[in-house]
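Residue numbers (the UniProt record's numbering): 1 to 704.
Positions of the beta carbon are idealized from the N, C-alpha and C atoms, including for glycine.
Keep in mind that this is a model prediction, so the values were computed, not measured.
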Amino acid sequence: MPKKAMDGKKVRWTRAQKLEAKRSEVRAQRDDRDRGQRRDQGAATRTDRRDRTDRREGAPSGRDRYERRDRAPRRDGEDRGAGRRDYAARDDRRDYSRDDRRSDRRWSNDRDDRRSTDRRDDRGGDRPARRSYRDDRRPSYRDDRRDDRRPAYRDDRRDDRRSSFRDDRWDERRDDRRPAYRDDRRDERRSSFRDDRRDDRRPAYRNDRRDDRRPSFRDDRSERRDYDRPRREDRATEPRTAPVREQRSAEPISLEGNGFAALELPEVLVERLARDGITAPFPIQVATIPDALAGRDVLGRGRTGSGKTLSFGLPMLTRLAKGGKARPGQPRAIVLVPTRELAMQVSDALQPLVHIIGLRHKLVAGGMPYEPQLSALERGVDVLIATPGRLIDLMERGAADLSRVEIAVLDEADHMAEMGFLEAIQQILDQVPTDGQRLLFSATLDRGIDTVVEQYLTDPVEHATDDGTASVDTMDHHALLIEPRYKKAVTAEVANRPGRTVVFVRTKLGADRVAGELRDQGVMAAALHGGLNQSQRNKVLGAFKDGKVPVLVATDVAARGIHVDDVGVVLQVDPPADHKDYLHRAGRTARAGEKGTVVTLALPHQRRTMQRLLDEAGVGTSLQNARPGDDVIRATGGSTPQGAPISEQDLQRLISPPRASRGGRSYGDRGPRQGGRGRYGDRNRRDGSSYGGRDRFGRGHSAR
DNA sequence: AAAAAAG
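Next comes the structure, spelled out in structure tokens:
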């Protein structure tokens, strides 16, 4: 790590940075032993990387040079945020307000222009010029970014990963008490893969596809398989006026008075939206679309359900359609989202628009087969909608090269800026050309989001369509103080209501447990959490969207972005961790102008935390005592459940109807099918039993 | 402290 001083400048570090440098050195030595002479290569690469960053962030002022040096170790260290934090914490910089910094950044970018201008005479220094993607600029990027850099990354990471892997296995070998669910997950995953591939189901799908879809996109779809289901359901629930196909082509669509047309979006897009009954843009769309169309970096805040997907989707597609063609392995835009469900939703929402404007998109996320994603990339894809893990994976495989990304979008950015995610996001965004457009959307604009904003956004326009607190006018908030012994009963009463209910719990185990308890009391409920394999997740979510399962018991996987209409009540069985989480969870109801109720349960020992949380969230309510049967609960529409216990098998039968039944049936005709479990009953039962095992385990705990 | 994201 002392190699860092290689550029000849004297380096001043804070203590923390020295420490980190020391650690890195130790790591490097260890790597040395492992890898022999590769080290040199790696060192050279590091310099390279730094060089590039300097170009982006560089500014001639002494202060800024200091800052750069100050930050340098970050690039090599594990924690890339560390340098910046230190910097922010330094006494002598306390007066250096955020605004100042921002204007500095703008300045530095101007300088960036000048540098390029020096190299190339024909470029103006103003933003539009900088934003253009010209062929002759590219080679320089490629030089910087490719070849020698990537291997270095790969080595680093692989090393880390390998060691952690080793530990894992080691643990397993000597430890019989290994966490149950880890094992479960691995099993499930494996079996799901096998299922995916083995596939006697495939023929049925293919028929299905041939029926109602145009052949030109068949390629793109060939991987759908399991993911097919929720997609359709999305489409069915998403625009409430879900038009039937024939209706669409029937009458010409008038763009008269169409709010989207007024935003100067291409007619094809406006028309396509109108066909789904989307003619009036939401406030956040009105606010952000013009700026995004103009190519500016946008920082958008809006409650989930406020239409953020279109806010970035429309301008993104419009700008992409204006020119250029995706080259193999080089997407022109990336949309990063924190969860797979969200990725699928975004992909679905954009799909008709992407296609109608003549572009190609691809969903790239974990838990899905690689091959379709690889081949789509190879063919060339304009928009990549991705979760960070798989995208990085593909980058490392050399399948995705981000050096020609013109537009980068971060959805639910506050979540992405959290510990553990941030690093991945940085790794990805570091690969994206610095002069591209960046759009950042989130329900809240803090939680360390500024790190990302400062690092990657240039002179962003900020649009917020609400004040960031809970909206009291469309949402009723109840906070109930209950005794522990009533918790189960109150939960069931609130959940036992007509319409959809989302129940939030803190842990995965808790989700399984509560869902089980609800079913025991005769309330049809299913758990959704990250411990389920992808196909289970899809099935559960699909069944919930279908209305087959009215109660979804979820961890915070579902807190953000999951878009289901008509969720009347959000019930928080476990209080959220902080007021942001409260708002995110609450955002699952009262979507798109509808009414909704948020009920939060708190136990006596949680009373004070809970009240503080309510205040912070800006919900104007306070805790009230409640027991089963109280009026408060009646007021939410809940009632004491009377039904007979629902078994695990009943649930499974409901959420994963026999596969064979799907072949040849049309869109609208997808109720539960009579006639038993069919040929694949066995498969279902096998899935179910592994799930049930965990469930019982969880319930056992709850008896305590 | 938990959850999410790569197998």
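Residue pairing of G300 in beta bridges, as defined by DSSP: F441, H463. Per DSSP, the beta-bridge partners of D476 are T597. Looking at V549, A554, P628, the one whose alpha-carbon comes closest to that of L654 is V549. Nearest in C-alpha terms to P331, of all of R390, A400, Q285, is A400.
Within the stretch 390 to 460, the complete alpha helix (DSSP H) runs of at least 4 residues fall at 413 to 416, 422 to 429, 449 to 456. Within the DSSP bridge table, the entry for L481 names A602, N625 as partners. Separation of D430 and G516 (C-alpha to C-alpha, rounded to the nearest whole angstrom) is 44 Å. Taking the CA atoms as reference points, G366 sits about 32 Å from D291. For G313, the uninterrupted alpha helix (DSSP H) run begins and ends at 308 to 321, by DSSP. In the same chain as N258, and ignoring 5 residues on each side of it, the C-beta atoms closer than 7 Å to its own belong to V270, A274, T279, in chain order. In the structure shown, T636 adopts coil according to DSSP, grouped into three states.
Where A554 is concerned, the enclosing beta strand (DSSP E) starts and stops at 551 to 554. Going by DSSP, K362 is part of the beta strand (DSSP E) stretching over 361 to 364. Burial of M610 is indicated by the presence of at least 16 other C-beta atoms within 10 angstroms of its C-beta. If you check the CB distance, P460 and E412 do not come in under 7 Å.
Closest in C-alpha terms to K322, from the list L265, Q652, V523, comes L265. When Cβ pairs closer than 8 Å are counted between the two stretches, the stretch 313 to 322 is seen to touch the stretch 344 to 361, the count reaching three or more. Around the beta-carbon of R608, fewer than 16 other beta-carbon atoms lie within 10 Å, marking it exposed. CA-to-CA, the gap between V364 and R585 works out to about 26 Å.
Within the same chain, and ignoring the five residues on either side of V567 in sequence, the residues whose Cβ sits closer than 6 Å to its Cβ are R500, V502, R588, T589.
Annotation note: the stretch 528 to 577 contains the following uninterrupted alpha helix (DSSP H) runs of length 4 or greater, listed N- to C-terminal: 534 to 546. Contact between the stretch 594 to 608 and the stretch 451 to 459 is absent: fewer than 3 CB-CB pairs across the two stretches fall below 8 Å. In this structure, R519 sits near A525, with a CB-CB distance shorter than 7 Å. If you ignore the 5 residues before and after V564, its C-beta comes within less than 7 Å of the C-beta of T237, R500, F544, K545, all in its own chain and listed in chain order.
One Cα belongs to D476, the other to R404, and the distance between them is close to 47 Å. DSSP places F504 inside the beta strand (DSSP E), whose first and last residues are 500 to 504. Counting C-beta pairs closer than 8 Å gives fewer than three between the stretch 442 to 455 and the stretch 372 to 380, which falls short of the contact rule.
In this structure, the beta-carbon distance from V381 to R397 does not fall below 7 Å.
Setting aside the 5 residues that flank it on each side, T555 is surrounded in the same chain by K508, A511, H529, each with a C-beta closer than 6 Å to its C-beta; the list follows chain order. Annotation: the continuous alpha helix (DSSP H) that includes A489 extends over 487 to 495. With fewer than 16 other beta carbons inside 10 angstroms of its own, G620 counts as exposed.
Cβ-Cβ separation between V490 and A626: approximately 7 Å, consistent with a contact (criterion under 8 Å).
Ranked by Cα distance from G547, the first of A577, T318, L651 is L651. H478 and A287 have their C-alpha atoms roughly 32 Å apart. Note that the C-beta distance between V383 and A424 is not below 7 Å.
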